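> Heads up: the protein sequence lines correspond to chains W and C, in order. Position in the first sequence (first residue = 1) + 30 = our numbering. Position in the second sequence (first residue = 1) + 413 = our numbering. The structure under discussion is supplied below as structure tokens; questions concerning it will follow.
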Amino acid sequence: MRFVIDGMTIEAQAGDTILTACRRAGYYIPHLCFHGDLPAQGNCRLCLVESKGRLLPSCLTKVTDGMEVASATEQLHTLRLRLTQMLFVEGNHICPSCEASGNCMLQALGYRLGLLDNHYPQFFPRRPLDASHPQMILDFNRCIQCQLCVRASDQLDQKHAFVVAGRGGEAHITASSSNGQLGSTSFAATDHAAGICPVGVFLGKGVGYVTPIGERRYDRADIAQAGDRNA
Amino acid sequence: MPKARLATVSLAGCFGCHMSLLDLDEALFELAELVEVDRSPLTDIRTMNDCDIGFIEGGCANEDNVHVARLFRKKCRLVCAVGACAVTGGIPALRNNIPLAELLATSYLQDVVDPGIPNDPELPMLLDKVYPIHEVIRVDHTLPGCPPSAQAIALFVKQLLAHEPVSLPYKELHYD
């Protein structure tokens, strides 16, 4: 089975989505909430592509033989830029004080899209810090609600350590325990959920800033070449 | 060609962006061929002429910052938010999700000798939050970075003067 994206022909296997086929072929489509070990959920919408005049999340859209898809268009660039700016203003992403800076997929996407400002007014929400676990701090100021930790803990670790609480604009991720604290769950720093965050929510205790500025993953190369931090 | 006039100011910033500008070292001579520096901490001139470009470092944390930002908007043809704090609020904006009364009480009333919130008429009133510059005045261009590198600042100035779209090479675009 074959399809065409941005004028390039790509081989796909039965059951492939546009994103999985493109990833196998080494063709980069921006994404934040997708991880190869988990079923796609289509939360972040950054992987939107266009086919027959419709915008489709490439992580959820199955390839059909001969389909024509566009990803590198001006319209999609603008949409992805605006989505990324919305993710930045919705949380407290203060890169100069963040341990994950240089190793953050949201930041790397900003670099790739040429994001120079946040365009929208900042929300400056009040978000909690959870330092109850002996090996890990959770700083929800950076959370983009991709739900990768929730899904990894459920499906890869079989622990259900995280849950989405609240509704609508109040929706947020929290530890799944009676007091809402990570220290009261069976989560361990070696869990898949611990290393799957695309941004900087999960911070290991006792380590920090180990890689010098200028040598971090996305200092050295664009995310399309450097790959996902959580891969 | 007459030189362009450049004004610069540091509001709720740390002067790091100005230090980065000074990091141009000998390339400052090249920059001096292109621009005449008007009001700026580098010239210590406090009055302000009409300028071609105004660089604002830092966000707005108090009423004086707002006055200066508005003055820059009035006097400068192009206003540029330079550095992470001007663009997003930055490190000073870490206070933004804590109510101001709570912050002042923690700093000046609790567990201190001679408690009292400073209230001198000389002191500008604090704003409820630290605001990025574009939330206070219209901004024409932004240059992120904490600080933006000397090379990024030089390239930015050259692109502005050449009326080119601002575009930084990958290594010069960073948010930290």
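Glycine included, every Cβ here is placed at the ideal spot set by N, Cα and C. What you are looking at is a predicted structure, and each value in this text was computed from that prediction instead of being measured.
In whole angstroms, what is the alpha-carbon distance linking W:P30 and W:S131?
Coverage of chain W is limited to positions 31 through 261, which leaves residue 30 of chain W absent and any answer about it impossible.
> Check C:N475 in the structure and name its three-state DSSP category.
Three-state DSSP puts C:N475 in a strand.
> Look at the alpha carbon of W:S162 and the alpha carbon of W:S214, and state the distance between them as a whole number of angstroms.
For W:S162 and W:S214, the distance between alpha carbons rounds to 8 Å.
> Span of the alpha helix (DSSP H) holding W:N140?
With the sequence shown as reference, residue 140 of chain W is identified as Gly, and Asn is not the correct amino acid for it. Unbroken alpha helix (DSSP H) run through W:G140: M135 to L143.
> Where DSSP assigns a beta bridge to W:P87, which residues make up the other side?
BP columns for W:P87 point to W:L78.
> By DSSP, does W:M38 sit in helix, in strand, or in coil?
Note: W:M38 maps to strand in three-state DSSP.
> Under 8 Å by Cβ, that's how I've got W:P228 and W:C173 pegged, so tell me the actual separation to the nearest angstrom.
Between W:C173 and W:P228 the Cβ distance is about 10 Å, and since that is not below 8 Å, they are no contact.
> So C:R490 is in the beta strand (DSSP E); what residue range does that whole segment cover?
Counting along the chain, the beta strand (DSSP E) containing C:R490 begins and ends at C489 to V495.
> Per DSSP, which residues does W:F192 bridge with? Please list them.
DSSP lists W:A205 as partners of W:F192.
> Can you pull out the residues from the region 452 to 479 of chain C whose beta carbon lies closer than 7 Å to at least one beta carbon of chain W?
Per Cβ criterion, the list is empty.
> Classify W:C125 as helix, strand or coil using the three-state DSSP reduction.
Of the three classes helix, strand and coil, the one that applies to W:C125 here is helix, per DSSP.
> Please name the residues in the region 497 to 508 of chain C whose beta-carbon is closer than 8 Å to at least one beta-carbon of chain W, in chain order.
Here the close residues are A497, V500, T501, G502, G503, I504, A506 and L507.
> Going along chain W in order, which residues have a C-beta closer than 9 Å to the C-beta of C:L359?
The structure shown does not extend to residue 359 of chain C, since chain C spans only 414 to 589, so no value can be given for it.
> Mapping the DSSP letters down to three states, classify W:D169 as helix, strand or coil.
Here W:D169 sits in strand by DSSP.
> Does the count of Cβ pairs from the region 45 to 52 of chain W and the region 79 to 99 of chain W closer than 8 Å reach three?
With the cut-off at 8 Å, the region 45 to 52 of chain W and the region 79 to 99 of chain W touch.
> Under 8 Å, Cβ to Cβ, is there at least one residue of chain W near C:Y521?
Not an interface residue.
> Quick one, are the C-beta atoms of C:C464 and C:L419 less than 8 Å apart?
In this structure, C:L419 lies closer than 8 Å to C:C464 by Cβ.
> Do the region 503 to 515 of chain C and the region 529 to 547 of chain C meet, that is, are 3 or more Cβ pairs less than 8 Å apart?
Because the criterion of three Cβ pairs below 8 Å is met, the region 503 to 515 of chain C and the region 529 to 547 of chain C touch.
> Does the distance from the CB of C:G426 to the CB of C:C498 come in under 8 Å?
Against a cut-off of 8 Å, the Cβ pair of C:C498 and C:G426 comes out as a contact.
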